[in-house]
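Below is one structure, written out as structure tokens; the observations come after it.
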Ligand SMILES: [Zn+2]
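Numbering (the numbering used here), first residue to last: 957 to 1235.
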């Protein structure tokens, strides 16, 4: 699943191609993937101009003329393709926006979990999924995030993957950030010290910035665009490295499950910290 750096990479590529273009018409091959009213989506979008594209957490926002915004989420396998108007439509192409430059923007989704919604800019934050989206690692202050975690008894990995608490971190960057910060993924969130929380946020920001610079990670079938792949997967130190030697201590990485997600950690560098029985 694309995380913050991958979505940021897609945003930058789409912004290059789409800024200033107008939408001529919309084809919906699977109306279910429009989370707002699909008829309104098809009726309102023609003649709207794409002014800019921004990102919140793992969401993409297409800012349009007349105060409209398309909110899109790629979920597991969603991809955007910018194709020539005469290119063939494939089996998994669900939404097509025809543009005024002889191209079309195709949203393809093999798993069909992603999609789009149409909102007015003025009510976007109240009415869309953004209303319960937490701040990004880049926005949280260390002390405030530490305070927020004082009420959370979940394992820290589960706590940082909850998008309503902190947005943008998924399985890859959770494993990487926890490894870099020497924190065991199962540590109850409220047992972390301020120093540990600071280190976690600092490492998450550093690793995500690096990932954005490298164009994100290409994992499974995820591609930001045809022919363009991120290089971050070559830099990942812990994620998916089960049984490989830890680059810090040489001990083999272990794999376990935390919050239902496969989790790789080094049992030596990421010491487990259990809750004392009297707490
Ligand atoms: Zn180690």
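C-beta: ideal position from N, C-alpha, C; glycine also.
For clarity, every value in this text was computed on a predicted model and none was experimentally measured.
Straight-line gap, residue i to residue j (C-alpha atoms, nearest Å)
i            : j            : result
residue 996  : residue 1029 : 19 angstroms
residue 1263 : residue 1062 : This structure gives no information on residue 1263, because the portion of the chain shown stretches from 957 to 1235.
residue 1176 : residue 958  : In this predicted model, residue 1176 has a pLDDT of only 43, less than 50, meaning its place in the structure is not dependable; the value taken from the coordinates is given anyway. Approximately 10 angstroms between the Cα atoms of the pair.
residue 1068 : residue 1081 : 25 angstroms
residue 1112 : residue 1031 : 22 angstroms
residue 1121 : residue 1091 : 7 angstroms
residue 1017 : residue 1009 : 6 angstroms
residue 1194 : residue 1224 : 13 angstroms
residue 1157 : residue 1106 : 15 angstroms
residue 966  : residue 1057 : 20 angstroms
residue 1123 : residue 1164 : 12 angstroms
residue 1189 : residue 1173 : 5 angstroms
residue 1096 : residue 1044 : 44 angstroms
residue 968  : residue 1037 : 13 angstroms
residue 961  : residue 1013 : 9 angstroms
residue 922  : residue 1007 : Only positions 957 to 1235 of the chain appear in the structure, and residue 922 is not among them; the question remains open.
residue 1135 : residue 1226 : 7 angstroms
residue 1117 : residue 976  : 35 angstroms
residue 1078 : residue 1022 : 11 angstroms
residue 1055 : residue 979  : 5 angstroms
residue 986  : residue 999  : 16 angstroms
residue 1034 : residue 1099 : 35 angstroms
residue 984  : residue 1051 : 5 angstroms
residue 1147 : residue 1202 : 25 angstroms
residue 1073 : residue 1206 : 48 angstroms
residue 1093 : residue 970  : 23 angstroms
Limits of the unbroken alpha helix (DSSP H) element including residue i
i            : result
residue 1098 : 1098-1105
residue 1115 : 1112-1117
Three-state secondary structure (DSSP) of residue i
i            : result
residue 1017 : strand
residue 1207 : coil
residue 1032 : coil
residue 1220 : strand
residue 1163 : helix
residue 1214 : strand
residue 1128 : helix
residue 1122 : strand
residue 1139 : coil
residue 1177 : The predicted model places residue 1177 with a pLDDT of 37, which falls under 50 and marks its position as unreliable; any figure quoted below should be read in that light. Of the three classes helix, strand and coil, the one that applies to residue 1177 here is coil, per DSSP.
Nearest-angstrom beta carbon gap, residue j and residue i [assumed within contact, 8 angstroms]
i            : j            : result
residue 1086 : residue 1001 : 20 angstroms between Cβ atoms; not a contact.
residue 1214 : residue 1142 : 6 angstroms
residue 1071 : residue 1199 : Not confirmed; about 37 angstroms, so no contact.
residue 1089 : residue 1128 : At roughly 19 angstroms, the Cβ-Cβ gap does not stay under 8 angstroms, so residue 1089 and residue 1128 are not in contact.
residue 1039 : residue 1060 : 6 angstroms
residue 1101 : residue 1153 : 6 angstroms
residue 1222 : residue 1211 : Their Cβ separation, rounded to whole angstroms, is 11 angstroms, which puts residue 1222 and residue 1211 out of contact at 8 angstroms.
residue 1011 : residue 964  : 6 angstroms
residue 1228 : residue 1138 : Wrong, their Cβ atoms sit about 12 angstroms apart, outside the cutoff.
residue 1167 : residue 1108 : At roughly 25 angstroms, the Cβ-Cβ gap does not stay under 8 angstroms, so residue 1167 and residue 1108 are not in contact.
residue 1115 : residue 1133 : With 8 angstroms as the limit, residue 1115 and residue 1133 do not qualify as a contact, their Cβ atoms being about 12 angstroms apart.
First and last residue of the uninterrupted beta strand (DSSP E) at residue i
i            : result
residue 983  : 979-984
residue 967  : First-last for residue 967: 960-974, but that is the alpha helix (DSSP H), not the beta strand (DSSP E).
residue 1226 : Careful: residue 1226 lies outside any beta strand (DSSP E) and carries neither H nor E.
residue 999  : Note, residue 999: premise wrong, no beta strand (DSSP E); alpha helix (DSSP H) at 994-1000.
residue 1010 : 1006-1012
Residue i Cβ short of 7 angstroms to ligand 3 heavy atom set
i            : result
residue 1224 : In the structure on display, ligand 3 does not appear, and the ligands it does have are ligand 1.
Can you give, in chain order, each stretch of the beta strand (DSSP E) that sits fully within the region 1023-1100 and has at least 3 residues? 1024-1029, 1034-1040, 1049-1055, 1059-1065, 1071-1076
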